Structure formats: structure tokens, C-alpha cells
Amino acid sequence: MARSLAKIYRMGEVEVHALRGVDVDLYRGELAVLLGPSGSGKSTLLNILGGLDVPTTGSVTYQGRELSACDQDELTLYRRAHVGFVFQFYNLIPSLTALENTALVTEIADNPLAPEEALELVGLSERRDHFPSQMSGGEQQRVAIARAVAKRPDVLLCDEPTGALDITTGIRVLEVLERINRELGTTTAVITHNATIASMADRVIHLHDGRIARVDVNTAKRPARELEW
Amino acid sequence: MRALDRKLLRDLWRMKGQAAAIAAVMACGVAVYVMALTTLDSLTSARAAYYERYRFADLFAHVKRAPMALVPRVRAIPGIQWVQPRVTATVPLDLPGLSEPAAARLVGVPEHRPPDVNGLVLRAGGYLEPGRPGQVIISESFAQAHSIGPGNSVTAVLNGRKRRLDVVGVALSPEFIFQVREGEFVPDNKRYGVFWVGQTELAAAFDLTGSFNDLAITLAPGASAPEVMRRLDSLLAPHGGVGATDRDDQLSHKILSDEMRNLGAMAFVTPAIFLAVAAFMVNVVLNRLIATQREQIAVLKAFGYSRAQVVLHYLEMVLVIVVLGVALGCVAGGWLGGHLTQLYKQFYRFPSVDYRMDPGIAGAALVIAAAAAVLGMLMALKRAMDLPPAEAMRPEPPASYEPTLVERLGLGRSLSQALRMVLREIERRPLRAAISTLGTSLAVAVFVLGTCGADTIAYVMDTLFEQSQRHEITLFFVEPVADSALYDIKSIAGVVDCEPVRVVSARFRNGHHRRLAAVQGLSERRFWHRLIDQEGREIDLPPEGIVLSAALGRALGVEAGDTVEVELLHGRRTTARVPVRGLAEDLMGLQAYMRIEALNRLMREGSLISGAYVAVDPAAAGPVYEKLKNSPRVASVAAKSIAVKNFDDIMAENMRIMRFFNILFASIIAVGVVYNMAQITLAERKRELATMRVLGLTRAETSFVLLGEVWALAVAAVPFGLILGHWFSKVLIESMSTETLRFPFVLARATYAQAVAVVLLASLASGLLVRRGIDKLDLVAVLKAPE
Chain U
11 MARSLAKIYR
21 MGEVEVHALR
31 GVDVDLYRGE
41 LAVLLGPSGS
51 GKSTLLNILG
61 GLDVPTTGSV
71 TYQGRELSAC
81 DQDELTLYRR
91 AHVGFVFQFY
101 NLIPSLTALE
111 NTALVTEIAD
121 NPLAPEEALE
131 LVGLSERRDH
141 FPSQMSGGEQ
151 QRVAIARAVA
161 KRPDVLLCDE
171 PTGALDITTG
181 IRVLEVLERI
191 NRELGTTTAV
201 ITHNATIASM
211 ADRVIHLHDG
221 RIARVDVNTA
231 KRPARELEW
Chain Y
204 MRALDRKLLR
214 DLWRMKGQAA
224 AIAAVMACGV
234 AVYVMALTTL
244 DSLTSARAAY
254 YERYRFADLF
264 AHVKRAPMAL
274 VPRVRAIPGI
284 QWVQPRVTAT
294 VPLDLPGLSE
304 PAAARLVGVP
314 EHRPPDVNGL
324 VLRAGGYLEP
334 GRPGQVIISE
344 SFAQAHSIGP
354 GNSVTAVLNG
364 RKRRLDVVGV
374 ALSPEFIFQV
384 REGEFVPDNK
394 RYGVFWVGQT
404 ELAAAFDLTG
414 SFNDLAITLA
424 PGASAPEVMR
434 RLDSLLAPHG
444 GVGATDRDDQ
454 LSHKILSDEM
464 RNLGAMAFVT
474 PAIFLAVAAF
484 MVNVVLNRLI
494 ATQREQIAVL
504 KAFGYSRAQV
514 VLHYLEMVLV
524 IVVLGVALGC
534 VAGGWLGGHL
544 TQLYKQFYRF
554 PSVDYRMDPG
564 IAGAALVIAA
574 AAAVLGMLMA
584 LKRAMDLPPA
594 EAMRPEPPAS
604 YEPTLVERLG
614 LGRSLSQALR
624 MVLREIERRP
634 LRAAISTLGT
644 SLAVAVFVLG
654 TCGADTIAYV
664 MDTLFEQSQR
674 HEITLFFVEP
684 VADSALYDIK
694 SIAGVVDCEP
704 VRVVSARFRN
714 GHHRRLAAVQ
724 GLSERRFWHR
734 LIDQEGREID
744 LPPEGIVLSA
754 ALGRALGVEA
764 GDTVEVELLH
774 GRRTTARVPV
784 RGLAEDLMGL
794 QAYMRIEALN
804 RLMREGSLIS
814 GAYVAVDPAA
824 AGPVYEKLKN
834 SPRVASVAAK
844 SIAVKNFDDI
854 MAENMRIMRF
864 FNILFASIIA
874 VGVVYNMAQI
884 TLAERKRELA
894 TMRVLGLTRA
904 ETSFVLLGEV
914 WALAVAAVPF
924 GLILGHWFSK
934 VLIESMSTET
944 LRFPFVLARA
954 TYAQAVAVVL
964 LASLASGLLV
974 RRGIDKLDLV
984 AVLKAPE
């Protein structure tokens with residue numbers, strides 16, 4: 011739950027208002043899409059929700075806990091225990107195999123899936139011993155998802171997860187996200203500038219120029235497999 | 204300023220920590236180089252000027268007694284320029300408030316004018332006044348140690364008679380630049396001095412009126428020293444000549460020369476290590492820089508900059524670091540050289556030493572350091588040169604990894620992911636890991652190398668003073684005496700026991716090999732004065748035959764079982780072929796050992812002794828000294844405990860200074876290498892490390908991946924460093940050995956431990972310095988950009 015979030019960056023002499031008072035809630039088990047053009051503040055919002063960044067003003071509460079008052083170490087523990095991240099450029103550790111990239115997270119989690127199980131979930135069991143350099147972009151992104159969900163996070167935050175992928179692989183990745191959200195009930199937030207993706211969401215939050223333009227509740231969710239762009 | 208120069212300066216500023224680390228390592232090497240060579244240069248020119256101006260003798264010859272009438276015949280030997288006949292003797296001193304034995308080297312000089320050879324540099328007062336007996340000129344170091352000068356007096360025991368001498372002058376002589384009692388290692392200016400006394404008076408005191416017992420000779424330019432020595436020996440033999448020697452055997456000259464030679468060695472061994480490390484660091488840093496600037500290089504080339512211009516750009520960048528390092532090293536080296544010269548002046552007495560910094564030495568340092576750096580960057584430069592503009596515009600291909608050897612062997616099951624990352628990173632760049640390991644191992648080696656000299660000296664001193672000489676007093680008589688004197692010594696209250704010693708100078712011959720050496724005759728029972736070899740084993744002395752120092756054996760080309768011709772230069776001067784029973788790797792150089800009875804038989808003399816090794820009750824040592832020094836037949840009394848104390852005092856001071864520099868040098872290398880490696884690792888793996896932080900790994904867990912690698916390499920460097928250090932030390936100690944002086948090679952276990960501790964601590968600290976980079980990782984920015 012975020013209230014009156016504002017984030018101001020200083021870029022040299024210039025102040026950039028990335029967020030100008032945003033109120034947003036994520037509901038348990040939902041799949042929300044944050045939609046907006048580049049520069050609309052959606053990444054900033056995701057970073058703050060994920061405990062990577064703190065707002066200049068305003069508050070973020072997670073299960074009654076005030077995140078905006080946390081220091082770096084507390085934020086680390088928050089990320090470690092509750093948040094799963096999926097990035098546009100996968101960010102796998104190149105020196106670790108698919109299985110080991112997953113294990114990197116399960117080793118420090120309280121009640122994780124087995125790394126093999128997580129890879130099974132994204133359909134990559136047969137690629138478990140491959141290094142990132144031996145996998146395609148889509149496979150790498152699915153490993154990244156496996157790594158993110160293996161710890162059974164409360165929230166899965168995805169920053170342009172298909173941004174670097176072609177449509178076919180992008181759809182596969184979205185199917186995986188859909189399946190995770192459905193089968194594990196993980197609250198999932200996907201940010202994208204691709205409006206098509208919004209139709210698979212429970213809720214679509216439109217961001218524009220650092221403000222929430224409108225929130226649509228999607229009554230007719232479409233399966234990821236039917237998406238096209 | 205050209206745009207490219209601006210880029211150069213800004214790039215350098217961005218990597219200032221790494222540049223500073225390289226410059227610091229270079230500066231250390233240059234500082235040692237400059238310090239050693241400028242000091243050596245200053246000493247060399249000071250000594251040359253001193254020797255030249257005050258006519259330091261080229262040859263020395265000692266005889267028992269020769270008439271002055273022989274001098275013109277000596278002068279007539281072709282090649283001889285100046286001859287100074289004189290009487291010399293070492294006598295006990297009677298100093299108020301000093302119960303321990305003190306001695307003076309008495310040197311006879313003409314009363315009416317300073318000596319032609321080994322001239323005196325008067326520092327205070329004046330020269331002797333003719334017709335005024337009882338005057339003395341004393342050496343400056345002795346005068347300073349006792350705070351005395353002209354107007355004071357000293358009492359010496361001349362041939363058993365106490366004699367008061369009035370100090371008229373204080374002087375220096377090129378013959379006694381290093382003033383130390385024969386058989387000791389460090390000067391004791393309180394208990395040993397050089398006194399110049401009127402020749403006539405000194406001769407009279409030792410019943411040598413109209414005679415001399417010592418010659419100091421200078422040679423004409425181009426004269427053949429061996430030929431002159433040969434003719435001199437045959438002329439002096441009937442008068443008890445013990446063989447002419449040249450400067451190489453003159454105590455002061457020899458010690459100074461050895462010290463200068465060691466300075467010369469120091470100028471190359473240590474700097475070479477530092478410059479090698481600097482070259483490695485340049486290699487790693489530049490490789491990294493050129494990898495990250497691929498696109499910039501491509502743009503430059505695309506815009507028409509030539510390959511040479513690009514190469515020159517990076518060359519200039521490194522040369523800026525080199526110039527910084529060399530400038531810093533020259534300043535530090537000059538400062539250290541000035542101090543070292545001051546330190547030398549305390550031990551080596553020159554009229555003046557002007558410390559000077561020869562610009563040629565600084566220039567050479569610059570050239571050598573630049574060459575090392577360029578050598579280090581050759582590979583990186585080639586990469587920059589060969590990079591085609593189009594390919595360079597594309598990012599570097601992603602890194603590919605493999606399971607490590609450990610894992611392929613099936614041992615990897617229990618490894619944590621972080622540990623896997625560390626191991627795979629090391630295996631992926633074996634060359635860099637090797638360079639890093641080698642660099643750190645050189646830090647360990649530098650420490651070991653810096654300490655090995657002290658370890659060797661400590662070992663030699665322990666062997667000499669604890670294992671070998673267990674007696675307190677070494678006593679020599681003016682003339683050999685009957686061995687019944689031992690009973691007289693034993694009867695002195697406070698004397699526990701004593702053992703005899705007979706010392707005879709001898710010339711050894713085997714074929715065309717000849718050497719002068721002393722034969723020591725020792726008793727069968729050697730409890731107080733034992734013969735010990737370098738390994739600490741007692742040397743066996745058979746009833747007949749002779750045992751030679753291994754060094755003497757090598758010089759003569761003889762081995763155990765051979766015979767050697769021995770010409771004894773005292774008494775009847777008998778010559779005999781003596782069977783060599785063994786060679787002993789002893790600590791003292793050119794020596795020969797026999798049973799005292801066998802030596803006396805060879806001499807065809809009765810049971811005579813030259814002196815005695817006396818064990819005393821420590822509580823009664825004072826009265827024993829007093830009794831011995833007033834005994835007319837006693838020429839010299841040396842106390843071990845005082846020699847040991849003097850030595851320990853000087854060593855303790857030197858050790859402190861040396862330890863400081865060893866720790867400093869080892870730390871600079873270790874910090875330089877580890878800091879640079881960690882910095883580069885951080886730069887290269889920023890993205891991974893940030894990802895780990897985002898995934899919820901703590902700073903400590905993330906740091907493990909960064910520092911695990913550098914620390915693992917530092918730990919891996921330890922055994923190599925110990926081996927390298929061991930090896931370097933061995934080379935250094937061997938390079939310091941001469942024909943007459945061979946040092947055992949000793950490294951204390953504590954040295955290894957200290958080296959490891961210093962280097963690991965420095966690595967730890969520099970790793971932690973870089974670790975702060977993890978706290979500053981911009982998590983958000985790093986995740987945005989593609990690889």
C-alpha cells in the first residue's frame with residue numbers, strides 16, 4: 011500500500027519529478043499491470059515497492075510495516091523475505107548454471123521451493139545445467155522467473171519482462187507468469203509500456219507523468235497465449 | 204590542451220586509486236634503487252678522494268723485527284712509491300671507571316712530520332711536537348666516546364708498564380675508516396681506539412729501537428702488486444715477515460668494501476621485485492581499461508585517429524603514472540640516501556662525505572621503470588592496436604563459464620553458490636589469477652628477503668657466541684709463552700677454567716694456489732671454545748694433520764686426504780707438507796685448525812701457547828679483567844659479554860628500522876595488488892553484485908563474492924611467496940658470500956610467520972577498502988542497462 015508517493019531525482023542542476031503523489035495498493039493474489047510510456051514513473055514506482063529505493067515523500071506500508079522508514083539493511087531483509095524480481099535484461103549470474111542461479115536464492119530463503127521444482131515450473135528442467143551464455147533470451151528470462159519465485163515470495167515484481175524478447179518467447183514468458191500467479195497465488199505486478207499485456211491483468215494501473223491516470227479493473231482477463239502484438 | 208589529453212587526465216583521475224597503487228609500488232622500487240646507488244656513489248667518491256689525498260697504503264707487511272737499514276732496499280723494489288716503516292702494537296688501556304678490558308691500537312708515526320703513507324686528518328689540536336715524549340694523537344671516535352681531547356691524558360700499558368700519554372691531537376686515518384678490534388664485528392669506541400705515538404718512543408717501549416715491525420707501502424701507478432709482494436716477502440722473510448697483504452685483507456678496507464658491495468646488490472634485487480610487481484599491475488589495469496574503452500577506441504579509429512595515436516594515448520597514460528612513481532621514488536630515495544649516509548658516517552669515519560644525488564641515477568631509474576611498465580602493457584597495447592573499429596563498436600561477447608575442475612571431479616556438491624562464483628571466476632581468467640597470485644606472493648617474498656640478513660646474522664652470532672665461544676675472555680700474550688702460564692691464569696680468583704690456543708700465521712701452497720691464513724692450535728679437550736660448523740656440528744680435530752675451512756680448501760684446491768704445503772711464518776719458519784684431515788664449513792672464512800701439540804711439533808718448539816680462552820665466574824669478572832690487564836705479558840684481553848652487548852644494541856636498532864621498511868614494502872605491494880584486483884573485479888561484476896543485492900543477499904554475502912576471489916588468491920599466494928622468498932634470500936646470501944666469508948643460509952620460522960601475517964592483513968585491509976564499493980552500488984541503474 012503506497013500513499014502520496016513522490017520521488018524527486020536530482021540530475022545535476024535539474025530536478026526530475028519521477029513520481030508526483032501516487033496512491034496505489036496491491037491486493038493479495040492479483041496480477042496487476044502498471045502501464046505507461048517511458049518516463050511515466052512506472053519503474054520508479056516498482057523500485058520503491060520492491061524496496062530498492064525510498065520515496066522522497068510519502069509512505070509505503072507492507073503488511074502494516076512502514077518501508078519508507080527502513081534503512082538499507084532492513085530493506086535487504088524485506089527483499090530477501092518477501093519480494094521476487096524479474097528484470098528486463100534477466101540479470102542472471104553468468105558464472106552460475108540455471109539450477110545454481112535458482113539455488114542462489116533458495117539457499118537464503120526460509121521456506122523455498124526446491125530449485126529443481128522451480129525450474130520445472132517454468133518448464134526448463136532439461137536446461138538445469140546450462141550456463142546463461144548457453145541459453146536463449148527467453149530461456150534466460152524463464153530462469154530469472156524461476157529464481158524469483160523459488161523463494162515463494164509474497165510479491166513478484168516484473169520490470170518489462172518481455173522488453174528484450176520477440177513476441178513468441180515473450181508470450182511464453184508471460185504464460186509462465188500467469189501460471190505462477192494462478193498456481194502459487196503470488197501477488198504479481200508487471201510493468202510494461204506494451205498495452206496488449208494489460209489484457210491478461212486483473213487490474214491495470216495507468217501511469218502518466220508521475221501520476222496515476224486511471225485504474226481499470228479487467229473483468230474479462232485473456233490468457234497470455236492469446237495475446238498478440 | 205588536446206581533447207585526447209583531457210580524456211587522458213580524466214581517465215587517470217577516475218582510476219586514481221589504482222594509479223596511485225601502481226605509482227606507490229614503483230616508487231618503492233625506485234626509492235631503494237636511488238637510495239642504494241646514490242649512497243654507494245657518495246661513499247665511493249668520498250673514499251677515493253680520502254685514499255688519494257691521504258695516501259692510503261696499497262700493501263701492508265708485518266714483521267717481527269727489521270732494522271731501519273732495510274728500508275732503502277724496500278724502497279728500491281720496482282713499483283714501490285712510498286714506504287712508511289713503523290712500529291705497531293695492540294696494548295691494554297687503563298681507563299678510569301672502566302673495569303672491562305679496553306685496548307688501543309698503537310701506530311708509530313714520525314715525530315717531526317706526519318707520515319707519508321696513511322696520512323692523518325687532524326680534527327682537533329695539533330701534531331706531535333718533536334722532543335716532547337709522552338704525546339699521543341687519538342682517533343676521533345675514541346675521543347668522542349670518552350669526551351676527551353687535547354689537554355686530557357690516557358693511560359696505556361706498554362709492554363707491561365703503565366704509561367701516561369698526553370693527548371695533543373684528535374685525528375682520522377684512511378687506515379681506520381672502520382675502527383674495530385680484530386675478531387669483533389661492531390665498533391666499540393669506548394673500549395677500543397687508535398693511538399698515534401712518536402715512532403722513536405714506541406720503538407723504545409717495545410725494544411725495537413732502530414727497527415720497525417710494520418710497513419705501509421703505496422705502489423706506483425701500473426705496478427704489479429703480486430710481483431712487489433713476492434719480492435717484499437723474500438726481503439722480509441729473514442726478519443720474521445708474515446707475508447705482505449694488499450688492501451683486500453686490510454680490515455677497515457675489507458669491511459667497507461663488503462658493505463659497499465652489499466649496497467650495490469641491494470640496488471638491484473629489491474627494485475627488480477618492485478618493478479616486476481608494478482609491471483604486472485600495469486598489465487592487469489590496462490587490459491581492463493582497454494576492454495572497457497573498446498567503444499571509445501573504435502570511435503577514435505572511426506574518426507581517423509591512427510593506430511599509433513591510439514597506442515600512444517594509452518602509453519602516455521601509463522607514462523604519467525611512471526613519472527609520478529619515479530619522482531616520488533627519487534624524492535624518497537634521496538631522503539633515505541641522505542639518512543643512510545648519515546648512518547654510515549657513524550660507523551665509517553671519513554673527513555667528509557657529501558651526499559650527492561647524481562642525476563644520472565634518477566635518469567636511469569626513470570628509464571628502467573618506464574621499460575618495466577611498457578613491458579607490462581605490451582599485451583594490452585597490442586589489443587588496442589588490433590581492435591578493428593567496427594568490431595569494437597559491438598559490446599564484448601558475454602562471458603562464458605564452465606564448472607571448475609573441483610566440480611568436474613565431483614567434489615562440488617556441497618559448494619555454496621557464492622563459492623562456486625568465486626571459483627569459476629578464478630578459473631575463467633587463469634592468467635589474471637596467476638598474476639594476482641604472483642604479485643601478492645612477491646609481497647611475501649619481499650618481507651622474507653628483507654629479514655633474511657638479520658636471521659642469518661642472529662644465527663651466526665648465536666653459533667659463535669653461544670655454541671662456540673662459551674668462555675668469557677679471550678686473552679693473547681705479547682709473545683708465545685710456556686703452557687705453564689695456564690696454571691697462573693687458573694689460579695686467579697674468579698677464573699673457572701681455561702683452554703690454550705696457539706695461533707701462527709702461515710702461507711699455504713698447493714701447486715700454483717697460495718693463500719695466507721692463520722693456523723689455530725687447540726687442545727684435545729675443547730669444552731669452552733668449541734669448533735662449530737655452519738650446521739652447528741662440532742668439528743673433529745684428529746691428533747695429527749690439519750683441518751681447513753672449506754673456503755680455504757676450495758681456494759687451494761685441496762680436499763680431505765690430500766696434503767698441503769704449510770710455511771709457518773713465525774719462529775723457525777719451518778715448511779712442511781701436512782695431511783689435510785678434513786674440510787669444515789665454518790663461520791669464519793680462511794682458517795686452519797690443528798691440535799696444539801701437533802702445531803708445536805710442526806713449529807719445532809716446546810709447549811707454547813699464544814693465548815687462552817678463559818671462563819670466569821660472572822660475579823668476579825671485574826677483578827679478573829683488572830688482574831689480567833696489568834699483567835706484563837698480556838697483549839690483549841677481549842670480553843665476550845661486552846662484544847655481544849655492543850652487537851645486540853646495534854642490531855636492535857637496525858632491526859627496528861628494517862622491520863619498519865619490510866612491513867611498509869610488503870604492505871605496499873600487497874595493498875597495491877589486492878586493491879587493484881578487487882577494484883577491477885568490482886568494476887567488472889558490478890551488475891552481478893547489484894543483482895545479488897536486489898535478490899536480497901546482504902552486503903556481507905555479496906562481499907564474499909567480490910572479496911572471496913581476491914582473498915582466496917592472496918591466501919594461495921602465501922606458499923608461493925614463502926618459496927620465492929626462500930629462494931631470493933638464498934640467492935642474496937650467496938651473492939654476499941666471498942672467498943673468505945661464507946654466510947650460512949638461515950631463515951627463522953618467525954620470519955615466515957610474520958611475512959604471512961603482514962601480507963594477509965594488508966590484503967584484508969585493502970579488500971575492505973574496496974568493499975565500500977558494494978555499499979555504493981546503484982542497484983536501480985545497474986538493472987536498467989543491458990550487459
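Chains as they are written, first to last, in this note's numbering: chain U, 11 to 239; chain Y, 204 to 990.
Glycine is no exception: its CB is placed at the ideal position from the N, C-alpha and C atoms.
What you are looking at is a predicted structure, and each value in this text was computed from that prediction instead of being measured.
For U:A113, the chain Y residues whose C-beta falls within less than 8 Å of its own C-beta are Q620, listed in chain order. Annotation for Y:P275: the continuous alpha helix (DSSP H) segment containing it runs V274 to R278. Counting of Cβ neighbours within 10 angstroms places Y:N355 among the exposed residues, the total staying below 16. For the C-beta of Y:M624, the chain U residues within less than 7 Å are, from N- to C-terminus, I103, S105 and L106. Every unbroken stretch of the beta strand (DSSP E) spanning 3 or more residues and falling wholly within the region 370 to 438 of chain Y is given here in chain order: 395 to 401 and 414 to 422. With respect to the C-alpha of U:T112, the residue from U:L129, U:P104 and U:S105 having the closest C-alpha is U:L129.
DSSP, reduced to helix, strand and coil, places Y:I742 outside both helices and strands of the structure shown, so it counts as coil. Pairing Y:A234 with Y:G444 gives a Cβ-Cβ distance that is not under 8 Å. The beta-carbon separation of Y:N713 and Y:V767, rounded to 5 Å, stays under the 8 Å limit for a contact.
Taking a Cβ-Cβ cut-off of 8 Å, the neighbours of Y:E628 in chain U comprise S105, given in sequence order. Looking only at Y:M624, Y:C655 and Y:Q512, the smallest Cα-Cα distance to Y:M588 is reached by Y:Q512.
Under the three-state reduction of DSSP, Y:W285 is assigned to strand. Excluding sequence positions up to five before and after U:L134, its CB lies within less than 8 Å of the CB of A108, E149, R152, V153 and A156, all in the same chain and listed in chain order. Residue contact check for U:T86 against chain Y: a CB pair falls below 8 Å. When rounded, the separation of the alpha-carbon atoms in Y:T358 and Y:M664 is 32 Å. With respect to the C-alpha of U:E126, the residue from U:R138, U:R224, U:V115 and U:C80 having the closest C-alpha is U:R138. Around the beta carbon of Y:E741, fewer than 16 other beta carbons sit within 10 angstroms, so the residue counts as exposed. The alpha-carbon separation between Y:T291 and Y:G322 amounts to approximately 15 Å.
In this structure, the alpha-carbon of Y:L438 lies about 14 Å from that of Y:I283. Going by DSSP, Y:L522 is part of the alpha helix (DSSP H) stretching over R510 to F550.
Judged by their CB atoms, Y:L641 and Y:F931 are not nearer to each other than the 8 Å cut-off. When U:R162, U:V227 and U:R221 are compared, the shortest CA-CA separation from U:G195 is found for U:R162. In the three-state reduction of the DSSP assignment, Y:N465 falls in the helix class. Among the CB atoms of chain U, one or more fall inside 8 Å of the CB of Y:T901. Take U:N191, set aside five residues on each side of it, and the residues of its chain with a beta-carbon closer than 7 Å to its own are L41 and T198, in chain order. For U:K17, the number of other beta carbons within 10 angstroms of its own is at least 16, and it is reported as buried. Between the alpha carbons of Y:R497 and Y:R862 lies a gap of roughly 45 Å.
In the DSSP assignment, Y:S356 falls within the beta strand (DSSP E) that extends over S356 to L361. Using a CB distance cut-off of 8 Å, U:I118 counts as an interface residue toward chain Y.
Assignment of beta-bridge partners to Y:M797 by DSSP yields Y:G724. When C-beta atoms of the region 629 to 639 of chain Y are compared with those of the region 903 to 923 of chain Y, three or more pairs fall below 8 Å, so the two segments count as touching. Annotation note: the region 297 to 328 of chain Y contains the following uninterrupted beta strand (DSSP E) runs of length 3 or greater, listed N- to C-terminal: 305 to 312 and 324 to 328.
Interface annotation, Y:V983: in contact with chain U, CB-CB separation under 8 Å. Contacts between U:D63 and chain Y, judged by CB atoms closer than 9 Å, involve L982 and V983 in chain order. Per DSSP, reduced to three states, the secondary structure at Y:G566 is helical. Across the set Y:R784, Y:R673 and Y:L790, the C-alpha of Y:R784 shows the shortest separation from the C-alpha of Y:M797.
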